[in-house]
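Peer 1:
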Amino acid sequence: MKVKLGIHIPPDGPLAEYARWVREVEPSGFAALGIADSQCLRRDVYPAMTIAALNTKRIMIGPRVTNPLTRHPTVTASCLAAIDELSGGRAFMGIGGGESSVFNAGLPAATIVQIREYALTVRDLLSKGEAMYQGKPCKLSWAHRRVPIYVAASGPRNLRMAGEIADGVIVGSGLTPEVIADARQRIREGAEAAGRRIEDIDIWWMVIAANVDSDRKAAIREVLSSLAGGARLLMRFGTQGKNIPERYLEAMRKLDAAYAPGQHVVRSGAQPNAQLVESLGLTDYLADRFSLAGTPDDVLEKIKRCVGAGAGQLWVSNHSVDKLGFMKRWAREINARL
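So that you can map any letter, position 214 of the sequence shown is 214 in this note's numbering, and since no number is skipped, the others follow by simple counting.
(1) Which term fits D84, buried or exposed, when burial requires 16 or more other beta carbons within 10 angstroms of its beta carbon?
(2) Reducing DSSP to helix, strand and coil, say where G190 ends up.
(3) Between the stretch 147-160 and the stretch 230-243, do three or more beta carbon pairs fall short of 8 Å?
(4) Leaving out five residues before and five after K328 in sequence, what residues of the same chain have Cβ atoms less than 8 Å from its Cβ?
(5) Hey, would you say T121 sits closer than 7 Å to A109, going by beta carbons?
(6) Which same chain residues end up closer than 6 Å to D213 when comparing Cβ atoms and leaving out the 5 residues on each side of it in sequence?
(7) Quick check on DSSP: helix, strand or coil for G62?
(8) Straight-line CA distance for L140 to I201?
(9) Are the stretch 164-179 and the stretch 188-207 in contact at 8 Å, needing three or more beta carbon pairs?
(10) Taking Cβ positions, are V207 and V316 nearer each other than 7 Å?
(11) By the DSSP assignment, the alpha helix (DSSP H) with Y18 in it spans what residues?
(12) Strictly by DSSP, which residues pair up with Q313?
(13) Can you grab the Cα-Cα spacing for the pair G153 / R186, in whole Å?
(14) Taking contact to mean 3 or more Cβ pairs, one atom from each stretch, closer than 8 Å, check whether the stretch 51-68 and the stretch 30-39 are in contact.
(15) Which whole-angstrom value is the C-beta distance of L300 and R337, which I expect to be below 8 Å?
(16) So, helix, strand or coil for C138, using DSSP?
(17) Is D12 buried or exposed, if buried means 16 or more other CB atoms sit within 10 Å of its CB?
(18) How about R184 and G88: do their beta carbons lie closer than 7 Å?
(19) With distance defined between alpha-carbon atoms, name the residue in T50, A16, V22, R145 nearest to N318.
(20) Comparing alpha-carbon positions, which option in V307, W330, A331, L324 lies nearest V3?
(21) Can you pull the DSSP bridge partners for W386?
(22) On the three-state DSSP scale, how would you describe S127?
(23) G34 bridges to which residues according to DSSP?
(24) How far does the beta strand (DSSP E) with G168 in it extend, from its first residue to its last?
(25) Taking all protein chains shown into account, do 16 or more other C-beta atoms lie within 10 angstroms of the C-beta of E199, making it buried, or fewer, making it exposed?
(26) What do you get for Q134, buried or exposed, if any count of 16 or more other CB atoms within 10 angstroms of its CB means buried?
(27) Quick one: residues in its chain with C-beta nearer than 7 Å to the C-beta of A19, no 5 flanking neighbours on either side, listed in chain order?
(28) Specify the secondary structure class of I149 as computed by DSSP and reduced to three states.
(29) Tell me whether V240 is buried or exposed, calling it buried when 16 or more other Cβ atoms sit within 10 Å of its Cβ.
(30) Given this structure, state the Cα-to-Cα distance separating G294 from K217, to the nearest angstrom.
(31) For S225 versus N273, is the C-beta spacing smaller than 7 Å?
(32) Buried or exposed: K136, going by 16 or more other Cβ atoms within 10 Å of its Cβ?
(33) Whole-angstrom Cβ separation of A91 and L107, contact assumed at under 8 Å?
(34) Mark R197 as exposed unless 16 or more other C-beta atoms lie within 10 angstroms of its C-beta, in which case mark it buried.
(35) Please say whether A31 and I59 have beta carbons closer to each other than 7 Å?
(36) State the start and end residues of the unbroken beta strand (DSSP E) segment that holds A293.
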C-alpha cells in the first residue's frame, strides 16, 4: 500500500517542549509537519516553525493553516522566506478561511475571493518581489524564494479555486470514498479551467481526528472535540455541495450554531464542542467521515480504503494531551505496518 503521512502538531505547550515534540516527527515516519496558526489559543506559529526548522532535517514545514486576515501578506511572505532559508528550502504555506484565529479576534471567516487574492499576492512577493494587494502596491526586497502554497478547502467552490491556483490542496471535506471522489472532481475542474492537470497538484487529505487505542469506542471518544471542529469547517458558507446526508443536516446546523471557537479542537478541560457531537447524535457519522480513530486494525483498514479511493497522502492531527505518546504509538502501531 503506497501512502504518505504528514502530521499536524499545534504549539499547545511551552516552546521548549515543542522542540521535543518536533524532534520525534522524522523518526516516527512523517513526511510533513503542519503547525496551527491560532494566536488567540496557542503560541505563535512562526516561532514554532523556527523551532521545527532547527530540529528537523527532511520534512516540509508550514502553517496548517494561516489566513488572509490577521497578517498583511508582506509579513507572511517575509516570515515564510526566513523559514525557508533557515530550513534549507523546506517551507510551505497552508492557507484557509481561518477558524479560531479569526473568530476569537472578532472577525468573520475569510471569503474565497480574499483567500485567492492573498495567496497570489504572497506568491508574487516571493517570486517577483512585488505585488498589488487590495489595489495598492507592496514589495518584498530581500528574498526571492519559491515557497509552495497549499489551499485548505472543504466546500466545492474552494476546492475548485484551489485546483486553479494552488501548488497543493489540503482537503478538509472528509475521508469517505464518495467525499474523496467528489473532492478530486472539484479540484480537477478547477485545474482544467486554468489549463492545468490534477496530477501536477500535491493533494493532501486532512485527518482532523486521529487516535489509536485498543478499544475503538474509547479512541473515538477522545477525539470528539476534533470531530466537532471538522463539522464546523464543513458547515462554513452553507451546506450546498457538501455531501451531507439529509438525515444529519438539522443536527449539523445546530452544532454549527452552538460551536464554541474558544474551545476549538481541545482535548483537555471542559469540552463543550465534544458534548455537542454526542448530544446531537453525530458521533458515528462524523467519526466515519473525518477520523482515523480506533484500534490499529481499524485505522489500517480505513487507510486502505482511503488509498483505494484516491487519497494516498493523509495528514493526521495530533491534538492529544500527550503528543509524544501519540506519535510513538502511531509510529509503532500504524506507520510501522504500512
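We treat Cβ as the ideally placed atom computed from N, Cα and C, and that holds for glycine.
Just so you know, these numbers come straight off a predicted model, no measurement behind them.
Peer 2: Quick answer:
(1) buried
(2) Note: G190 maps to helix in three-state DSSP.
(3) yes
(4) E24, S28
(5) no
(6) A219
(7) strand
(8) 26 Å
(9) Segment contact: the stretch 164-179 against the stretch 188-207, three or more CB-CB distances shorter than 8 Å; contact assigned.
(10) yes
(11) The continuous alpha helix (DSSP H) containing Y18 extends over residues 15-22.
(12) K4
(13) Sequence inspection shows Ala at residue 153; the Gly mentioned does not correspond to that position. Distance between the alpha carbons of A153 and R186 is about 11 Å.
(14) yes
(15) Confirmed, about 6 Å.
(16) C138 falls in the strand class under three-state DSSP.
(17) buried
(18) no
(19) V22
(20) V307
(21) The chain is shown from 1 up to 338; residue 386 falls before or after that span and cannot be answered.
(22) helix
(23) Answer is H8, G62.
(24) First-last of the beta strand (DSSP E) with G168: 168-171.
(25) Result: exposed.
(26) That one is exposed.
(27) The answer, listed in chain order, is I51, N55.
(28) Of the three classes helix, strand and coil, the one that applies to I149 here is strand, per DSSP.
(29) Per the sequence presented here, residue 240 reads as Gln, with Val not at that position. Label assigned to Q240: exposed.
(30) 7 Å
(31) In contact: S225 and N273 (Cβ atoms closer than 7 Å).
(32) exposed
(33) Not quite, the Cβ-Cβ distance comes to about 25 Å (not below 8 Å), so this is no contact.
(34) exposed
(35) yes
(36) Bounds of the beta strand (DSSP E) holding A293 are 291-294.
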